[in-house]
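Asker: Chains as they are written, first to last, in our numbering: chain A, 3 to 12; chain B, 11 to 225.
Heads up, the beta-carbon is just placed ideally off N, CA and C, and yes, glycines get one too.
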Amino acid sequence: RKELEAKDEL
Amino acid sequence: MNLFRFAGDILHLLSILVLLLKIHATKSCAGISLKTQELYLAVFITRYLDLFWNFHSLYNSVFKVVYIGTTSMIVWYMRRHRNVKLTYDRDHDTFRYLFLVAPCAVLSLLINARYNLFEILWTFSIYLEAVAILPQLVLLQRTKNVDNLTGNYVFLLGLYRAFYILNWVYRFATEPGYSAWLVWISGLIQTGLYLDFFYYYVQAWKQSKKLQLPS
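1. Counting only runs of 3+ residues fully inside the segment 23-58 of chain B, write out the beta strand (DSSP E) ranges in chain order.
2. Measuring alpha carbon to alpha carbon, tell me which residue in B:Val193, B:Leu59, B:Gly79, B:Ser38 is nearest Val179 (chain B).
3. On the three-state DSSP scale, how would you describe Asn300 (chain B)?
4. Residues of chain A with CB closer than 7 Å to the CB of Phe73 (chain B), please, in chain order.
5. Answer yes or no: do Asn177 (chain B) and Phe54 (chain B) have a C-beta to C-beta separation smaller than 7 Å?
6. What's the call for Glu139 (chain B), buried or exposed, on a 16-neighbour Cβ count within 10 Å?
7. Relative to chain A, which residues along the segment 114-135 of chain B have a C-beta separation below 9 Å, given in chain order?
8. Which whole runs of the beta strand (DSSP E) in the segment 93-117 of chain B are 3 residues long or more, in chain order?
9. Ends of the alpha helix (DSSP H) at Ser82 (chain B)?
10. In chain order, what residues of the same chain lie with their CB nearer than 6 Å to the CB of His22 (chain B), ignoring the 5 residues before and after it?
11. May I ask you to report which of helix, strand or coil DSSP gives Asn162 (chain B)?
12. Using a 10 Å radius around the Cβ and a threshold of 16 neighbouring Cβ atoms, would you call Arg57 (chain B) buried or exposed?
13. May I have the straight-line CA-CA distance separating Trp191 (chain B) from Leu205 (chain B), to the nearest angstrom?
14. Quick check on DSSP: helix, strand or coil for Asn126 (chain B)?
15. With distances taken from CA atoms, which of B:Tyr125, B:His91, B:Tyr137, B:Asn93 is nearest Ala112 (chain B)?
16. Contact criterion: CB-CB distance below 7 Å. Does Asp157 (chain B) meet it with respect to chain A?
17. Locate the alpha helix (DSSP H) running through Trp194 (chain B), then write down its first and last residues.
18. So, for Pro224 (chain B): in the same chain, excluding its five sequence neighbours on each side, which residues have a beta-carbon less than 8 Å away from its beta-carbon?
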């Protein structure tokens, strides 16, 4: 699940 | 990273700098909500807590430090600077923190992607950012006459959110498997809060008049 690591945005 | 996202981040930075420079240059924070600034500081601290162990890119790390640093400076000016603090509009900036913080805290415990401390704090920061502008909007509404720099600050913040939406649309179209419902819905609500202000800002700009909000 991409949402889990999707902290690429500020 | 796409151009929309980059433009969003730059606009966000610009909005904060406009505010900081205004306070620094005029030694006044009239019309600025300390509540909103402190909520943003809480947003940045809870979201960027991972700064020390979760390296993503130099770009992200620099922005995180700058956002926390500049917002801390604004809060410091408004609370501690001997001249600036006297200009703080305490009587009109009466929005209760708890009305925003408590629902966001509960919601982040109920709706999150993973049940652990940092994920919950990150989720909390996403929810809180969505509503953190409310004390500022209420203060603007109360003081009616909005000075140019304060108006520009809110406008730039709203624009930053609009660019983040474009960024999500772009990513959704170009990155297979990309989805971030929690962030999207919070972001849409956040941007929605600016629509009313945008309307009056653009009207005032078109008629080259001073921005005045209706009662």
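Answerer: Quick look at the numbers:
1. Within the segment 23-58 of chain B, complete beta strand (DSSP E) segments of at least 3 residues are not found at all.
2. Within the second sequence, residue 179 (chain B) is the residue found at index 169, counting from 1. Among B:Val193, B:Leu59, B:Gly79, B:Ser38, the Cα nearest to that of Val179 (chain B) belongs to B:Val193.
3. Residue 300 (chain B) is absent from the structure shown; chain B starts at 11 and stops at 225.
4. Translated into positions along the second sequence, residue 73 (chain B) becomes position 63. Per Cβ cutoff of 7 Å: Leu12.
5. Mapped onto the second sequence, residue 177 (chain B) falls at position 167. Mapped onto the second sequence, residue 54 (chain B) falls at position 44. Their beta carbons are not under 7 Å apart, which means Asn177 (chain B) does not touch Phe54 (chain B) by this criterion.
6. Position 129 of the second sequence holds residue 139 (chain B). Glu139 (chain B) should be labelled buried.
7. Ala123, Arg124, Glu129, Trp132
8. none
9. Translated into the one-based positions of the second sequence, residue 82 (chain B) becomes position 72. From DSSP, the alpha helix (DSSP H) with Ser82 (chain B) extends over 68-90.
10. Along the second sequence, one-based indexing puts residue 22 (chain B) at 12. Closer than 6 Å at the Cβ level, and outside the excluded window around His22 (chain B), lie Tyr170.
11. Taking the first residue of the second sequence as position 1, residue 162 (chain B) is located at position 152. For Asn162 (chain B), the secondary structure class from DSSP, reduced to helix, strand or coil, is helix.
12. Translated into positions along the second sequence, residue 57 (chain B) becomes position 47. Label assigned to Arg57 (chain B): buried.
13. Walking along the second sequence from the start, residue 191 (chain B) turns up at place 181. Walking along the second sequence from the start, residue 205 (chain B) turns up at place 195. Near 21 Å, if we compare the C-alpha coordinates of Leu205 (chain B) and Trp191 (chain B).
14. The residue labelled residue 126 (chain B) in the question sits at position 116 within the second sequence. The answer is coil: DSSP assigns Asn126 (chain B) none of H, G, I, E or B.
15. In the second sequence, counting from the first residue as 1, residue 112 (chain B) sits at position 102. Nearest option by C-alpha distance: B:Tyr137.
16. Mapped onto the second sequence, residue 157 (chain B) falls at position 147. Cβ-Cβ to chain A under 7 Å: no for Asp157 (chain B).
17. Sequence index remark: in the second sequence, residue 194 (chain B) carries index 184 (1-based). Unbroken alpha helix (DSSP H) run through Trp194 (chain B): 191-202.
18. Translated into positions along the second sequence, residue 224 (chain B) becomes position 214. Closer than 8 Å at Cβ, skipping near neighbours: Tyr210.
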